[in-house]
Amino acid sequence: MSESFSERMRRRWSARRGDGAGDPWGPGGTAGGGTAGDGRRGGPGNPFAGGHGGPDAPGPASAPGSDSSDFSGFDSPDSDASPAPAPESPATARARMMHERLTEAYGIGDIRTVAQIADLMPEGPEAEPYRTFAQVLAAEAQADDARAADLARTYLNRLHSGHPDWETARSLFGEVMVQALVMGTVPLAGNLTAAEQALAAPTGYYMHPSGMLLKFAEEEETHPLLLVLHGEARKAVRSAEQAVRAEKKGTPAGHADALCVLALALTAAGDITTARQALAQAEQILPARPRITATRTRIESSPAATLHSE
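For my numbering, add 251 to where a residue sits in the sequence shown, where the first one is 1.
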């Protein structure tokens, strides 16, 4: 969790094209890491538990066939370099440039510009996935977590496991769904399992010299809010503290949002005093940010706050 939500998702969207020549802000960008859950159910340590029912979300990506004869998608040592990608259409290029401007606005806390750009993004398949990301990020900037999760789920449902945007969309859905779960804007039932599956480490494959296709899971960090939902509050606090330290070098929004995550983790651990201090620090960075206001409302309605006031 060394990067903010917007930074991680921006790199994932960019990496899908593979033609950024190492520029993470360009049309291709570099491959980005993700977050992962450990697949366990929510534990008794979750102070935000509640809600029943709710739609199931799509599960993790389907794995390629394990038959050793299925070698599609794997380059042999003697294969030629990958062909150059097709040139961008005008709609794609416009969506990409607007997406870059939107993430810059998000980073400095300019929520108004984020919303305006998201509304102006071109429509149609050529503008994807930038249009979806812009809409999700605009909802996330307003702390409208239920809408962000719904937008991400809708886009994921339109794809299939072999689609080049599948893993990116899956990660996006997991990111916003786990936030919505902890904030209490969607029910736990069904959605928790969906978030766990979406944040699970992607499965990789390796062709052994013998010809066997070996399967392995990439080791990734665990989202601190998923740890909260699993009842592992202390681990969540340590993970969130690490993210806050890293985000001091990043954007104001990333730093403020990381402090909000820390406040939620501290509340789950029963430390409401330090949680309030974390929110006060976030407010000094970006006053009146909707994420900070929503987080304060959430922690003040928690058992930790109730017990502290008695």
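We treat Cβ as the ideally placed atom computed from N, Cα and C, and that holds for glycine.
All figures in this text were calculated on a predicted structure; none of them were measured in a lab.
- Only exposed fits I359, as fewer than 16 other CB atoms lie within 10 angstroms of its CB.
- DSSP places D396 in the uninterrupted alpha helix (DSSP H) bounded by 396-409.
- Annotated three-state conformation of T473 is strand, per DSSP.
- CA-to-CA, the gap between A494 and T436 works out to about 24 angstroms.
- Annotated three-state conformation of Q493 is helix, per DSSP.
- CA-CA distance, D361 to M463, rounds to 51 angstroms.
- Under the three-pair Cβ rule at 8 angstroms, the region 427-444 does not count as touching the region 409-416.
- Beyond the five residues adjoining it in sequence on each side, T546 comes within less than 7 angstroms, by CB distance, of C511, A514, L515, L530 in the same chain, given in chain order.
- Out of I550, P554, S553, T544, the CA that lies nearest to the CA of D395 is found in T544.
- For V427, the uninterrupted alpha helix (DSSP H) run begins and ends at 417-434, by DSSP.
- Between the beta-carbon of A356 and that of V365 there is about 5 angstroms, and that keeps the pair under the 8 angstroms contact cut.
- When Cβ pairs closer than 8 angstroms are counted between the two stretches, the region 489-505 is seen not to touch the region 438-454, the count staying below three.
- Around the beta carbon of P376, fewer than 16 other beta carbons lie within 10 angstroms, which makes this residue exposed.
- A526 places its beta carbon less than 8 angstroms from that of L517.
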